[in-house]
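Working notes, beginning with the structure itself.
Number of protein chains: 2
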Amino acid sequence: MATRSLEILIDEFNRLPGIGKKSAIRLAFHILEMSNTEVERFSKALKDAKETVKKCSVCGNFSEEDICGICSDEFREKNIICVVEDSRDIIPLEKTNRYKGMYHVLNGKIDPLNGITPDKLNLKPLLEKVAKEEIKEIILALNPDLEGETTALYLTRLLKPFHVKITKIASGIPMGGNIEFADIATISRALEGRQEI
Amino acid sequence: MATRSLEILIDEFNRLPGIGKKSAIRLAFHILEMSNTEVERFSKALKDAKETVKKCSVCGNFSEEDICGICSDEFREKNIICVVEDSRDIIPLEKTNRYKGMYHVLNGKIDPLNGITPDKLNLKPLLEKVAKEEIKEIILALNPDLEGETTALYLTRLLKPFHVKITKIASGIPMGGNIEFADIATISRALEGRQEI
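Going down the list, the sequences are from chains A and B.
For the first sequence, position 163 matches number 163 in the working numbering, and the numbering has no gaps at all.
For the second sequence, position 132 matches number 1132 in the working numbering, and the numbering has no gaps at all.
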């Protein structure tokens, strides 16, 4: 009963991550209620973003320029590199306003079950940088899950020969979180990572 | 740190109903990871749906033709009309395979606080149909909330003079639901609507 072009649009929304069939239907119907100008603008935004956004040739972050805003910012500390799985992770890290170093985007994490072996990751530019430049510290800001931990371990071994300081962001009870409802792994990690006050 | 065209795309996603800032970011980044062909196809699906989908001149349902598939289906019962708030509501009703009559889409419900007065609703074609044709029953399939109930009451008064049978779909504990956790209004309604077995 939905028309053909509406069904196609529902399918397109349904393909996006986290958008189930019901949400896809809701979104597609919303599109039909939008003005022509609004739909045109959305449609254009999709193509524009895809066409203009490339990856920074230094760190792998998304950028409209060959070198991203962070890499080309002369006020940032060049000798600290924060390694993230994904460009997306840079946004919340930057929001803290606590970090003024550089980034390196791995474009994934080691996950052999899903075919992601170390050679699929953006590792070479990081190793080259560590070999060539005077890097003081590498902060691993990987997600605290099985694949993130595996990747952290792999990177640590890979970077050890360069005698660079390697740190890992803390894992524990989230701010505003509740010990009562936290899972055992998180509580264990919070205990292990306890700090003197 | 997100690039300009990426920010625009995030904003566009954020404008959609039920898509918060975080989901919008996730979706926009997903678009960047999609192939050019996929983005092109999505972008086109938006415009195509908006351009080709009109409203059925009889019932107000979305349709690519002047008259929708349901209204032009000669095997459906022409003398029963199911009144819905929104085209979207037709999909689940049709899925039941229990209803073979016609539909009428109001395009909203009476909600004076949000400026939706009865004159904003698609009422005229319904009244004309009831006046001209031999209609046996009008089923009100409106959402059981304050605005839906108000609209049902308004429609009942409006249709009374035509001496047509007006019914309302049942409201009560949902299938698989739990009386213990149901709200009082739902339980009250379930009691009122009790049927002999």
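Using N, Cα and C, we set each Cβ at its ideal position, and we do this for glycine too.
Item	Value
Option in A:Leu106, A:Ile173, A:Arg76 and A:Ser63 with minimal Cα separation from A:Val83	A:Leu106
Reduced DSSP category for A:Phe201 - H, G, I as helix; E, B as strand; rest coil	Summary: the structure shown does not reach residue 201 of chain A, with chain A confined to residues 1 through 197, and so no result is reported for it.
Own chain residues within Cβ distance below 8 angstroms of A:Tyr154, not counting five before or after	Ile110 and Pro118
C-beta atoms of A:Glu38 and A:Thr52 nearer than 7 angstroms	no
Contact between the segment 1032–1046 of chain B and the segment 5–24 of chain A (3+ Cβ pairs under 8 angstroms)	yes
Member of B:Asn1079, B:Lys1050, B:Asn1114 and B:Asp1086 whose CA lies at the smallest distance from the CA of B:Glu1133	B:Asn1079
Within 7 angstroms, strictly: CB atoms of A:Ala49 and B:Leu1191	no
Listed by chain order, chain B residues near A:Asp66 by CB distance under 8 angstroms	In chain order: nothing, as chain B lies at least about 12 angstroms away.
Where A:Glu85 falls, given that 16 or more other Cβ within 10 Å makes a residue buried	buried
Closer than 7 angstroms to chain B by CB, A:Ser5	yes
Local Cβ density within 10 Å of B:Phe1062, reported as buried at 16 or more and exposed below that	buried
Counterpart residues of B:Tyr1154 in DSSP-defined beta bridges	For B:Tyr1154, which the question treats as bridged, DSSP gives no partner whatsoever.
Beta-carbon gap between A:Met102 and A:Ile116 smaller than 7 angstroms	no
Continuous alpha helix (DSSP H) stretch holding A:Val39: start and end	Asn36 to Thr52
In DSSP terms, what A:Met102 is bridged to	A:Ile81
Amino acids of chain A, ordered along the chain, whose beta-carbon sits closer than 8 angstroms to that of B:His1030	Leu16 and Pro17
For B:Pro1125 and B:Val1058, the rounded distance between their alpha carbons	7 angstroms
Chain B contact for A:Ile187 (CB, 7 angstroms cutoff)	no
Assumed close pair A:Arg76, A:Lys95 - CB separation to whole angstroms, cut-off 8 angstroms	A:Arg76 to A:Lys95, Cβ: 16 angstroms. No contact.
Contacting residues, own chain, Cβ-Cβ under 8 angstroms from A:Thr167 (five flanking each side not counted)	Glu137, Ile138, Ile139 and Leu140
Neighbouring residues, chain B, relative to A:Asn36 (Cβ below 7 angstroms)	Lys1050
Burial state of A:His163, where buried means 16 or more other Cβ atoms lie within 10 Å	exposed
Selected residue, minimal CA-CA separation from B:Arg1194, among B:Ala1185, B:Ala1170 and B:Asn1178	B:Ala1170
Beta strand (DSSP E) runs contained entirely in the segment 1099–1142 of chain B, provided each spans 3 or more residues	1102–1105 and 1137–1141
Assigned secondary structure, B:Ile1187 (DSSP; H/G/I helix, E/B strand, else coil)	helix
Residues bridged to A:Ile166 [DSSP beta-bridge criterion]	A:Ile138
Where B:Ser1063 sits in the DSSP three-state scheme	strand
Element boundaries [alpha helix (DSSP H), containing B:Phe1198]	Nothing about residue 1198 of chain B can be reported from this structure: the residues present for chain B run from 1001 to 1197 only.
Beta-carbon gap between B:Arg1041 and A:Phe29 smaller than 7 angstroms	no
Inter-residue spacing [alpha-carbon to alpha-carbon] between B:Lys1055 and B:Arg1157	27 angstroms
Cβ-Cβ separation, A:Val130 to A:Leu159 (assumed contact under 8 angstroms), whole Å	6 angstroms
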